[in-house]
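Engineer: In full-length UniProt numbering, the protein residues as written are 1 to 272.
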Amino acid sequence: MKFGVIGHPISHSLSPIMHAANFEALGREDEYGALDIPPEQFKQIKEIINEKALDGFNITIPHKESILPYLDEVSSNAKHIGAVNTVLIHDNKWIGYNTDGIGFVKGLIEHYGSIQERKILVLGAGGASKGIVSEMQKFTNHKITVANRTMSRFDNWQIDINTISLTDVQSILHTFDIIINTTPVGMNTQHSEFIIPVEKISKSSLVCDIIYIPDKTPLLKACEQAGIAIYNGLDMFVYQGAESFKIWTGQEAHIESMRNKVQEELKRRSLC
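(1) Classify Tyr97 as helix, strand or coil using the three-state DSSP reduction.
(2) Using CA coordinates, which residue listed in Phe104, Asp36, Lys43, Lys79 is at the minimum distance from Ile61?
(3) Bridge partners of Cys208, per DSSP?
(4) Which residues bound the beta strand (DSSP E) around Gly56?
(5) Relative to the C-alpha of residue 285, which residue among Arg28, Trp94, Leu26 is closest?
(6) I need the straight-line Cα distance from Phe139 to Tyr32, nearest angstrom please.
(7) Going residue by residue through the region 96–157, where are the continuous beta strand (DSSP E) segments of at least 3 residues, counting only ones entirely within it?
(8) Three or more C-beta pairs closer than 8 Å, one from the region 98–109 and one from the region 232–240: is that the case here?
(9) For Gly107, which residues from the same chain have a beta carbon less than 7 Å from its beta carbon, with the 5 sequence-adjacent residues on both sides left out?
(10) Measure how close the beta-carbons of Ser205 and Ile179 come, nearest whole angstrom, since I'm counting them as under 8 Å.
(11) From Ala78, His19, Tyr97, pick the residue whose C-alpha is nearest to that of Ile247; which is it?
(12) To the nearest angstrom, how far is the alpha carbon of Ala226 from that of Pro214?
(13) Spatial neighbours of Lys143 within its chain, please: CB distance less than 6 Å, with the 5 preceding and 5 following residues excluded, ordered by chain position.
(14) What is the DSSP secondary structure of Asp36, counted as helix, strand or coil?
(15) Can you tell me whether Asp209 is buried or exposed, with buried defined as 16 or more other CB within 10 angstroms of its CB?
(16) Only counting the same chain, and skipping five residues up and downstream in sequence, which positions put a Cβ closer than 7 Å to that of Glu265?
(17) Compute the distance between the beta-carbons of Ile109 and Val84, then report whether it is under 8 Å.
(18) Who are Gly4's beta bridge partners in DSSP?
(19) Out of His63, Gly82, Leu121, which has the shortest C-alpha to C-alpha gap to Pro9?
(20) Would you call the CB atoms of residue 273 and Leu26 closer than 8 Å?
(21) Taking 8 Å as the cut-off, decide whether the C-beta atoms of Gly4 and Lys43 are in contact.
(22) Using DSSP with H/G/I as helix, E/B as strand and the rest coil, what is Thr163?
(23) What's the C-alpha gap between Phe23 and Lys261?
(24) Give me the residue from Val146, Glu256, Lys79 with the minimum Cα distance to Ala21.
(25) Less than 8 Å between the beta carbons of Phe176 and Leu220, yes or no?
(26) Short of 7 Å in beta carbon distance, which residues of its chain neighbour Lys119, apart from the five on each side in sequence? Order them along the chain.
(27) Output yes or no for whether 8 Å exceeds the beta carbon distance between Asn58 and Gly124.
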């Protein structure tokens, strides 16, 4: 079977080597590649995927919402979220799913413990944010707060949340137990841009970033230096990939092989 990941940019993605490690561990001969598709070329997505003869693919920034009009079916979860990160191609039908939220929340609870009574802030209102918030709602008693620069981004949300601007949230940052950055800010390590002021975060908070390259974004580094606990997106990446593989094949993924390969590659890159 043939799979892949689409996004822009995509050169940083470790999805191909992670899935290759899983295929090898399970004795499968599947293939998985990365396709860089700029937004201006996205209208040709059907032709691009069909030419590659893929059986399924993952979707990353900035296409998680753009893919929706091209799908024949959408899972109830993905429809509720309004974003898709996994597509199964079956009998020439494109079926969309969202495994982002499952991946992040599963990893977070394993790392942190119960989030039932925790006050949670999510930064960003894109597709990844929707997936994570939708899944986290199942595990917390508090309404989740989502902050974004542009408030109009919440117009198409079908999820019950507290909304606030990134400017206004700064004065209440200290009230949150868990803060999760879902925006691309921090992917470029050449710019030490912080989406929120670290000095206003409670020392008892956990600050998360769904980015896994670099393993410590400027925000996470600053929080760590300030004595604040941090958590990156590695677990989310591995678990969402495992869920995607299960959707495509009906088989459980070899999680340990996937995580070990990604950690190995991250270490190799850090030494380059």
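Ideal Cβ placement from N, Cα and C applies to all residues, glycine included. Since we're looking at a predicted model, the values are computed, not measured.
Structural biologist: So, from the listed chains and residues:
(1) strand
(2) Asp36
(3) Ile180, Tyr231
(4) 56–59
(5) Because the chain is modelled from 1 through 272, residue 285 falls outside the range shown and cannot be assessed.
(6) 33 Å
(7) 120–123, 145–148
(8) yes
(9) Asp235, Met236, Tyr239
(10) 6 Å
(11) Tyr97
(12) 19 Å
(13) Asn162
(14) strand
(15) buried
(16) Leu14, Ile17
(17) no
(18) Gly33, Phe57
(19) His63
(20) Outside the modelled stretch of the chain, which goes from 1 to 272, sits residue 273, for which no answer is possible.
(21) no
(22) strand
(23) 12 Å
(24) Glu256
(25) no
(26) His142, Thr175, Phe176, Asp177
(27) no
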